[in-house]
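Using the numbering used here, you'd call the opening residue of the sequence shown number 80 and step up by one each time.
Yeah, the Cβ is synthetic: ideal placement off N, Cα and C, and Gly gets one too.
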Amino acid sequence: MANDGYVGNDTGLSWLFRLLNIGVAGLLAAAGVFFVITGNFQPIVIGILCFLFTVMILALELSRPWPLQHHCGFLFMFLGRGVLYLLLGVLILDSPLFNIISGIIIIVIGVLFCIMHFTSFELYSRDPHAPSPVHPVVAYPAMDSRYNLPAAYV
């Protein structure tokens with residue numbers, strides 16, 4: 080089975096993507112504060128959504144909670160995370176200059192993640208706490224065990 084262009088799970092740039100994800104969480108939290116400060120109902124709801132997504136992104140970067148792994152599998156792919164960042168970036172584009180700048184930065188990071196989906200495969204492994212196999216396991220883009228193949232077969 081030929082797999083041209085495969086980069087693999089353990090990329091040398093995984094620290095950069097983790098840093099970008101934590102940066103997006105920080106920008107979302109700051110934008111959420113600006114939305115909550117305004118005091119109107121609609122911006123407060125957007126601010127609460129920003130805080131919820133901030134907690135979710137940080138939880139995914141610091142650990143792998145089972146409910147998020149089970150129900151939000153799209154967050155373990157570049158495309159899923161990129162589309163989420165695009166939607167969040169568009170959501171926080173609003174009148175304060177900081178929110179406009181934060182939204183543009185998050186949209187650019189979302190576009191980067193979407194591009195990475197088509198140039199690379201999975202960034203995160205299926206179970207980070209599992210012991211290393213004898214042969215490295217290749218996780219194909221979907222978070223599904225039927226696509227895990229020993230690296231020797233790829």
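Using the Cα positions of residue 189 and residue 163, report the straight-line distance between them to the nearest angstrom. Here the alpha carbons of residue 163 and residue 189 stand approximately 7 Å from one another.
For residue 160, name the three-state secondary structure that DSSP assigns. Three-state DSSP puts residue 160 in a helix.
Since residue 181 contacts residue 110 with CB under 8 Å, what's their CB separation in whole angstroms? Yes, residue 181 and residue 110 are in contact; Cβ-Cβ is about 5 Å, under 8 Å.
CA-CA distance, residue 96 and residue 183? Approximately 18 Å between the Cα atoms of the pair.
7 Å Cβ cutoff, residue 131 in contact with chain B: Checking the listed chains, one finds no chain B in this structure; it contains a single protein chain.
Can you tell me where the alpha helix (DSSP H) with residue 100 in it begins and where it stops? Secondary structure note for residue 100: its alpha helix (DSSP H) is the uninterrupted segment 93–117.
Applying the 10 Å Cβ sphere with the 16-neighbour rule, what's the burial state of residue 133? Classification for residue 133: buried.
Candidates 137, 160, 145 and 168, of which the one nearest residue 101 by Cα: If we check each option's Cα against that of residue 101, 137 comes out closest.
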